[in-house]
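As they're listed, the protein sequences go chains E and V. Just remember that our numbering sits 887 ahead of the position in the first sequence, which is counted from 1. Just remember that our numbering sits 19 ahead of the position in the second sequence, which is counted from 1. Worksheet: the structure to be examined is printed underneath.
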Amino acid sequence: MDAATPPFDLDAAWRLHPQVSVRPEPFGALLYHFGTRRLSFLKDATLTRVVTALGDEPDARSACGTAGLPDPAPAAVTDALATLAGTGMIVRRDPL
Amino acid sequence: MTVVETRAPAAAAPRLVDLFEAGLRSPICLTWELTYACNLSCVHCLSSSGRRDPRELSTDECLRVVDELEAMQVFYVNVGGGEPTVRGDFWEIVDYATSHHVGVKFSTNGVRITPGVARRLAGSDYVDVQISLDGATADVNDAVRGPGSFATAVTAMDRLAEAGVTGFKVSVVATRHNIGQLDAFKILADRYAATLRITRLRPSGRGADSWDDLHPLPGQQRELYDWLVANGEGVLTGDSFFHLAAYGQSLPGLNVCGAGRVVCLIDPVGDVYACPFAIHDAFRAGSVRDPGGFTDVWRTSDVFADLRRPQTGGACSGCSAFGTCRGGCMAAKFFTGLPLDGPDPECVKGHGEAALAAVVSSRGTPGSVPVPKPDQDHSHRTGPAGGGPRPDLRSRPVPVIIGRSAPSAARAVSACEDDPLAGFSSGAQPPA
């Protein structure tokens, strides 16, 4: 993860950016942002479950739980989420 | 391509390269050439374009292809040709694609970028335009792309800038004659707030005939590599220079041949090939006109299944650079007569030169295999019917060649030879 990427707030409410499409792949998923033309690879199924659950859960911590991760989620997961937030693939939203 | 890798802590997470070599459910993107018709006759045209092919996909067939791409979640298509904008239904296809979640990036020589088109592009969030330019000056550009083509491209860029379009791409094929202009290209792109894109010359299409004279010399490859490394992600490369990774570090982007694994080509008549530089029966996987459509071609064709098998590396497997270069470009090898599991003709370790010399010295000897020829030729025919001798490209500077081509087995029928570009007259200003 980039040193400049701020730490990820697990207790905030997040969602996929409305211009992002998710395409399932055998290894996880591909994300494409139609606004920034950026492509992201979610290289495993667990992270894919977390990302797709973000919009339906009150906060990211719950989304990690839904995906079967322990609390707190491993640093690699929060780092990946921070990268996705830093590139605008996922964005903050109002709490449910 | 801008790539962000994100992964959770799976044990020994696979590298992207390995995931891609097994292929994806759908291409990440694909090149879709809408027509073989073109107002230009670039000497290195990868698809030997010039005249429209009467078998080209109809408007309705194109829209059905878009439907498939939408269902497969192909995020965007790189539309080209030929000159795609000369199709009368070009904007209908573009609009249909973008309203069906398929983004469009199209390549043009600029001939139809009128002020009105430029304004239209300024108002579209899902259409990117790429202007082809192979010299930072008219003399260098026009020697490859034809007289007046530099002026046409500059006029198009001026119109895009006037309409407020920024971030369009200026797309350059690196040649022996323009490597010395890399800084000038960057300055030109910056002046338009455009993004420079530099890609590799392949010996495909008419490029098979001009490659010997246009491809960068070994010293120039090093110059190009150093320049690309210095400019980093600010310059796009279409991920086409992974053979240069053998110099040291990988260039930004996906450093892997995506042919049939993450990309492919749909040609104007609907044939599906492994990549835009491999228009040859050996790499033809099927047609969008087949009963199962593009989806079945992508998921079940034998040609693509072969490409997705693990690659052994062959003669390259003992090379210290194989992990990054992976043997280079399949099309470059194929159309120079080299074995696909050996070195790239432009191998930076010099192995390609020896392999090429072996091909040349075996030519005509018993048992030698002829260098494959491109399967399609839609070049303009301005010479006498039956074709004259090919001009000698070895002289300097590179002569401008418009539509002089030897006849080939697969040429367009006579019905469309006289007027491949209805309504287009060469040299005329595009309508305002």
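Ideal Cβ placement from N, Cα and C applies to all residues, glycine included. Source: prediction; values computed, not measured.
Of all alpha-carbon atoms in V:37, V:208 and V:149, the one lying nearest the alpha-carbon of residue 155 of chain V is that of V:208.
For residue 96 of chain V, the uninterrupted beta strand (DSSP E) run begins and ends at 95–99, by DSSP. Beyond the five residues adjoining it in sequence on each side, residue 89 of chain V comes within less than 6 Å, by CB distance, of 119, 120 and 121 in the same chain, given in chain order.
Interface flag for residue 380 of chain V against chain E is unset, since no Cβ pair is found closer than 8 Å. Contacts between residue 944 of chain E and chain V, judged by CB atoms closer than 7 Å, are missing: the closest CB pair is about 17 Å apart. Listed in chain order, the positions of the stretch 947–964 of chain E with a beta carbon within less than 7 Å of a beta carbon of chain V are 961, 963 and 964. Within the stretch 265–321 of chain V, the alpha helix (DSSP H) runs of at least 4 residues that lie entirely inside it are, in chain order, 312–319.
In this structure, DSSP gives residue 920 of chain E an extended state, which the three-state scheme calls strand. Residue 216 of chain V has its alpha-carbon roughly 11 Å from the corresponding atom of residue 247 of chain V.
Following the DSSP letters along the chain, one finds residue 161 of chain V inside the alpha helix (DSSP H) bounded by residues 157–164. Of all residues in the stretch 103–131 of chain V, those with a C-beta nearer than 9 Å to a C-beta of chain E are 120, 122 and 124, reading in chain order. Taking all protein chains in view, the Cβ of residue 111 of chain V is surrounded by fewer than 16 other Cβ atoms within 10 Å, so the residue is classified as exposed.
In this structure, the alpha-carbon of residue 238 of chain V lies about 52 Å from that of residue 951 of chain E. Around residue 898 of chain E, the same chain offers 946 and 948 as residues with beta carbons nearer than 7 Å, after the five sequence neighbours per side are excluded. Straight across, the Cα-Cα distance linking residue 84 of chain V with residue 296 of chain V is about 21 Å. By the criterion of a C-beta distance shorter than 6 Å, residue 902 of chain E is surrounded in its chain by 941, 942 and 980, once the five residues flanking it on both sides are discounted. In this structure, residue 184 of chain V sits near residue 137 of chain V, with a CB-CB distance shorter than 8 Å.
Listed along chain E are 910, 911, 912 and 913, each with a C-beta nearer than 8 Å to that of residue 44 of chain V. The straight-line gap separating the alpha-carbon atoms of residue 158 of chain V and residue 327 of chain V is approximately 43 Å.
Near chain E, meaning a CB-to-CB distance below 8 Å, the residues of the stretch 63–95 of chain V are 92, 94 and 95.
If you draw a 10 Å sphere on the C-beta of residue 359 of chain V, you find fewer than 16 other C-beta atoms in it, and that means exposed. According to DSSP, residue 125 of chain V shares a beta bridge with V:98 and V:148. For residue 941 of chain E, the closest Cβ of chain V is not nearer than 8 Å.
Assignment of beta-bridge partners to residue 192 of chain V by DSSP yields V:218. Beta-bridge annotation (DSSP): residue 50 of chain V is paired with V:97 and V:284.
By alpha-carbon distance to residue 103 of chain V, the top candidate from V:306, V:57, V:45 and V:386 is V:57. With 16 or more other Cβ atoms from the protein chains shown falling within 10 Å of its own Cβ, residue 938 of chain E counts as buried. Nearest in C-alpha terms to residue 977 of chain E, of all of E:929, E:913 and E:961, is E:929. Beta-bridge partners assigned by DSSP to residue 901 of chain E: E:979. By the Cβ criterion, the stretch 213–227 of chain V is in contact with the stretch 56–75 of chain V, since at least three pairs of Cβ atoms, one from each stretch, lie closer than 8 Å. Taking C-beta atoms under 8 Å as the contact rule, residue 148 of chain V and residue 169 of chain V fail to qualify, at a distance of about 17 Å. Distance from the Cα of residue 386 of chain V is smallest, within the candidate group V:378, V:50 and V:230, for V:378.
Here residue 56 of chain V carries a strand assignment [DSSP, helix/strand/coil]. Taking a contact as a CB-CB distance under 8 Å, the pair residue 294 of chain V and residue 275 of chain V does not count as one, their CB atoms being some 12 Å apart. Between the stretch 393–401 of chain V and the stretch 255–268 of chain V there are fewer than three inter-stretch CB-CB distances shorter than 8 Å, so the stretches are not counted as touching.
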